[in-house]
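Numbering (this note's numbering), first residue to last: 13 to 228.
Just so it is clear, CB atoms sit at the ideal spot from N, CA and C, and this is done for glycine as well.
In this text the structure is predicted, and so the values were computed from the model without any measurement.
Report on the following structure.
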């Protein structure tokens, strides 16, 4: 997606948020949260791999982004096997929703049990075309939540919960402020963006260099 279009989308989303109308149910900010994970768990960083690795890879992604889905359906499984599962890197996934449906998807994923979070993200990317183009995308997303073991009541509370909303939007806003994130997916390797096409070759080049630097 061209950067100017993405930037306009980001600004439009931010404007809607400021107006308080991005998702109508967000106005019910004091929904009963008894069936949700604790605030600490919902707002915790979502990561995989060696927590003490000298190389940290961060992905900023929007769950409605076709390029993000292509990355997760394409090079990501091999990257995970080669770098994450072997303990070479710490991988962090951060939300950068570009529209209200992506925001709802991110909120539902964060309300899932923490050990199922990456499984929910994986399923959302694998079925993106189906739920994103559904007549009622949020209902389709909630069906994914139920597959992750979340009761309908929990899902309804989740998408109305202010703490979940704030956790997702803080990541998006921090990404924009700290790293000037304007498009998704954006990958950072020890704080440095990978520029150009996001394929396994460019990923290996950036990460292998960072690993080599860390050994010096």
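Reference residue 162, options 186, 122, 183, closest by Cα: Taking the first residue of the chain shown as position 1, residue 162 is located at position 150. Answer by Cα proximity: 122.
Selection from 85, 66, 126, 49 that minimises the alpha carbon distance to residue 210: One-based indexing of the chain shown puts residue 210 at position 198. Answer by Cα proximity: 85.
Helix, strand or coil at residue 198 [DSSP, three-state]: Here the question's residue 198 lines up with position 186 in the chain shown. It is a strand residue.
Beta carbon of residue 133 nearer than 8 Å to that of residue 143: Start at 1 with the first residue of the chain shown, and residue 133 comes out as number 121. Start at 1 with the first residue of the chain shown, and residue 143 comes out as number 131. No. Outside cutoff.
Selected residue, minimal CA-CA separation from residue 115, among 67, 88, 75: Walking along the chain shown from the start, residue 115 turns up at place 103. Comparing Cα positions, the closest option is 75.
3 or more residues per run - each beta strand (DSSP E) lying fully within the segment 48–97: 58–61, 67–73
Terminal residues of the beta strand (DSSP E) in which residue 103 lies: Stepping through the chain shown from its first residue, residue 103 is reached at position 91. 101–107 is the extent of the beta strand (DSSP E) around residue 103.
Environment of residue 63 [buried if 16+ CB atoms lie within 10 Å]: The residue given as residue 63 occupies position 51 in the chain shown. When all chains shown are included, residue 63 counts as exposed.
Contact the segment 51–60 vs the segment 102–109: 3+ CB pairs below 8 Å: yes
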